[in-house]
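I have placed the structure first, in the form of structure tokens, so that the comments after it can refer back to it.
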Amino acid sequence: MKKNQEQVKVFTRRAIIIGGLQGAILGVLGTRLAWLQVSQGSRYKTLSDKNRINMKVLASSRGQIVDRFGVPLAVNAQNFRALIVPEQAGDIEQSLRALQKTIPITDSDIARVLKEAKKNAKYVPIEITDDLEWEDVARIEVNLPNLPGLSTDVGERRSYPFGEATAHLIGYVGAVNKAEIEEKDPMLSLPGFKIGKTGIEKKYDAQLRGQAGRAEMEVNVRGREVRELKKNDSHHGQRITLTIDAELQRFAQSLLSTERSASAVIMDAKTGEVYALASYPAFDPNVFSSGISIALWEELLANPAKPLTNKAVAGQYPPASTFKMVSLLAGLQTGKVTPRTTVRCTGVYNYGSGKFHCWKKGGHGVVDAKRAIEVSCDTFFYEMATEVGIDNIATAARQMGLGEKLDFELPEETSGLVPTKEWKLGRFGTKWQQGESIVNSIGQGYMLASPLQLATMTARFVNGGYAVKPWITADGMANNIPPPNGWPKMDLDEAHLALIKEGMRLVVNDSRGTGYGSRFKPEDIPEGSDWNFGGKTGTGQVQRITMAQRRAGVKNEELDWKSRHHALFVGYAPEVDPRYVCSVVVEHGIGGARAAAPMAKELLLETLKRDPGAKSVHSMSTGAKSKTNMGAPI
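The sequence shown: position 98 = 219 (the working numbering), numbered continuously.
Written out as structure tokens, the structure is:
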């Protein structure tokens, strides 16, 4: 009995000790739990909330731009970048200064990031620098524990293999500005994202951009991605195929570079496909992809030759004597001129109290319509204009594609100007004067046209009178929607067109022609070929020649560059069944025969050798192929 009592006491003591220990432990746990829930509850609730799911926007790969044979004109190159997320960095400047000790970044980079951090959402990554070498990426990755908020990323940079040769045509990409970021596309808010700013890059930006993807990422309190929960891949941008022949484009750009400022267009007279569209001087579009410096930007803006302007589509010039073909067409259509009409040119045409000089001192003697084109006799057109009138000339000009936009794909396209009596009254509030008809009949006065319009005008003259329009992508062709039998046939007398075309042939191939010095010579053309070309020279006055200058015998080349005449030429080849047309404008080049015609000869010769029209477009973006019927795409 006594033994049992002792065992009960021992058991009771042990139970009390164990119970005390358990109570103490429970007390500690309860106290800790109460402290966590009551005192620190709000803090841990915040931490729990921050262990959240982030929606991550995935940029798409920008679509390529290629020429008619699939040669790349705009592609994407791998680009390593350093990014910072402000909400993860804490002291942003401190993180950036730490990065500055790791890789080379400038104080201006730091200032820019700090400025962007103030105006952007804290969770939006900001690009610090790009185009990093792999060694720089490795150094950043090794030092990430000491670089809060920083990360590296592999992106893409737009690259233009042909550089300046395609700068105006393809355009370039640049950073998204405040107005553009208001679009609903989530990719626009991504760090370093670029969009098209000019040229084809701008026109087809939406197609080239593609569609963003999305990834659901679980991130911890420090913003580190824990795992990927869900992913919808982005869709690459569309590949855009142009009608351009890249090598012909490069050839044209190289040829223009022999002058201070010039432009040229080569297109198919039958289909409207543009094979080359060049403007000089140009710029390197690759510098815009990486971010152009302020100094270089200001240098481009200050250049009087305007390297940022695509002169082939945006340049507006007096068409000068290249317009005489339009004036002759107006005369023939109204019946005021016939193939047998003659005018005696003495070098000066008197009308009222005014004197209008022919370019040839002493005159051309008696000339008919065809010879007036061949020798470019001003007096013939002066006299004709007084009877035909400006409104009839304007009607013919619009038939040939002048005075209005051609629905071309480049957003920089301008409309030019074809004046009428009504236009002048509305513009200046004064009536049209007959002397103005005289001046405008030779492509001077108010008359303005772009090289693209002049090439289109030439195509309509030599393709049999079809209202062809220039285009450079399948969308451009589709927008014009030519009917099943091709481009619409204009209501033009074929005899009138044949007369004008013959005059253009004589310009180059007859010893009296103003372009005879630029004709094809036997040594120029491949053996067995019988190529010839025709065309029309033009010399556009920039400022009026005064009587004092005439008496003093001041030569145009003695004037300062910006006061000299423009040089123009439009041409077609081959002579029989013309396929290719070109226009050349050399700013302040003094004379069409002197500066523009030799270039046109080289361009047409190279085009005939390459014969791009004989080869179908490689793969148009919409799947369309270039075909011809009666000289028109169907």
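Each residue gets a CB set at the ideal place from its N, CA and C atoms; glycine is no exception.
Sub-7 angstroms separation of residue i and residue j beta-carbons
i, j, result
"Tyr325", "Leu369", "no"
"Glu380", "Val663", "no"
"Leu377", "Tyr401", "yes"
"Ala435", "Thr551", "no"
"Ala390", "Val583", "yes"
"Gly656", "Gly634", "no"
"Gly412", "Ile494", "no"
"Ser410", "Arg279", "yes"
"Thr594", "Glu530", "yes"
"Phe372", "Glu727", "yes"
"Pro428", "Ala403", "yes"
"Ile249", "Ile205", "yes"
"Ser474", "Ile511", "no"
"Asn431", "His617", "no"
"Asn677", "His686", "yes"
"Gly713", "Leu680", "no"
"Met578", "Met521", "yes"
"Leu523", "Val509", "no"
"Gln332", "Ser181", "yes"
"Ala718", "Thr658", "yes"
"Ser310", "Leu271", "no"
"Gly537", "Ser571", "yes"
"Tyr637", "Trp608", "no"
"Ala490", "Val458", "yes"
"Asp405", "Gly284", "yes"
"Ala576", "Met388", "yes"
"Arg700", "Gly649", "no"
"Ala238", "Ile213", "yes"
"Thr273", "Ala203", "yes"
Residue range of the beta strand (DSSP E) that includes residue i
i, result
"Asn407", "Here Asn407 belongs to no beta strand (DSSP E); instead the alpha helix (DSSP H) covers 407-411."
"Arg640", "Unbroken run through Arg640: none, as it is neither H nor E."
"His478", "475-478"
"Lys383", "Going by the sequence as given, residue 383 is Ala instead of Lys. Ala383 -> beta strand (DSSP E) spans 383-389."
"Lys657", "655-661"
Enclosing alpha helix (DSSP H) for residue i [first to last residue]
i, result
"Asp732", "Run containing Asp732: none; DSSP gives neither H nor E here."
"Arg581", "572-583"
"Asp512", "511-520"
"Lys542", "542-549"
"Ala758", "Because the chain here runs from 122 to 755, residue 758 falls outside it and cannot be looked at."
"Lys779", "In the structure displayed, the chain extends from 122 to 755; residue 779 sits before or after that span and is not available."
"Gly556", "555-561"
"Phe372", "367-377"
Test: residue i CB closer than 7 angstroms to a CB of chain B
i, result
"Arg731", "Looking at the structure shown, chain B is missing, and only one protein chain is on hand."
Identity of the residues DSSP links to residue i by a beta bridge
i, result
"Trp592", "Glu394"
"Phe201", "Val275"
"Pro193", "Val187"
"Arg465", "Val487"
"Asn601", "DSSP output for Asn601 lists no bridge partner at all."
"Tyr470", "Phe477"
"Tyr567", "Note: Tyr567 sits in no beta bridge, so no partner."
"His356", "Gln332"
"Tyr587", "Lys610"
"Ala716", "DSSP output for Ala716 lists no bridge partner at all."
"Tyr401", "Ala383"
"Ile139", "In DSSP, Ile139 forms no bridge with anything."
"Ile146", "Ile146 pairs with nothing; no bridge assigned."
"Ser650", "None, per the DSSP bridge assignment."
"Val263", "Its beta-bridge partners do not exist; DSSP assigns none."
"Ser497", "Beta-bridge pairing links Ser497 to no other residue."
"Ile361", "Ile186"
"Leu726", "According to DSSP, Leu726 bridges with nothing at all."
"Ser704", "Val386, Val691"
Alpha helix (DSSP H) runs wholly inside the segment 270-338, at least 4 long, in chain order: 288-291, 320-324, 326-330
Whole runs of the alpha helix (DSSP H) within the segment 668-702, excluding any shorter than 4 residues: If we require 4 residues or more, the alpha helix (DSSP H) runs fully inside the segment 668-702 come out as 668-673.
May I have a chain-ordered list of the alpha helix (DSSP H) segments no shorter than 4 residues that lie completely inside the segment 405-457? Uninterrupted alpha helix (DSSP H) stretches at least 4 residues long and entirely within the segment 405-457 occur at 407-411, 415-423, 432-435, 445-455, given in chain order.
Counting only runs of 3+ residues fully inside the segment 197-260, write out the beta strand (DSSP E) ranges in chain order. 247-250
Stretch-stretch touch, CB-based, cutoff 8 angstroms, three pairs: the segment 232-240 with the segment 313-321: no
Is the number of C-beta pairs between the segment 220-231 and the segment 180-197 that are closer than 8 angstroms three or more? no
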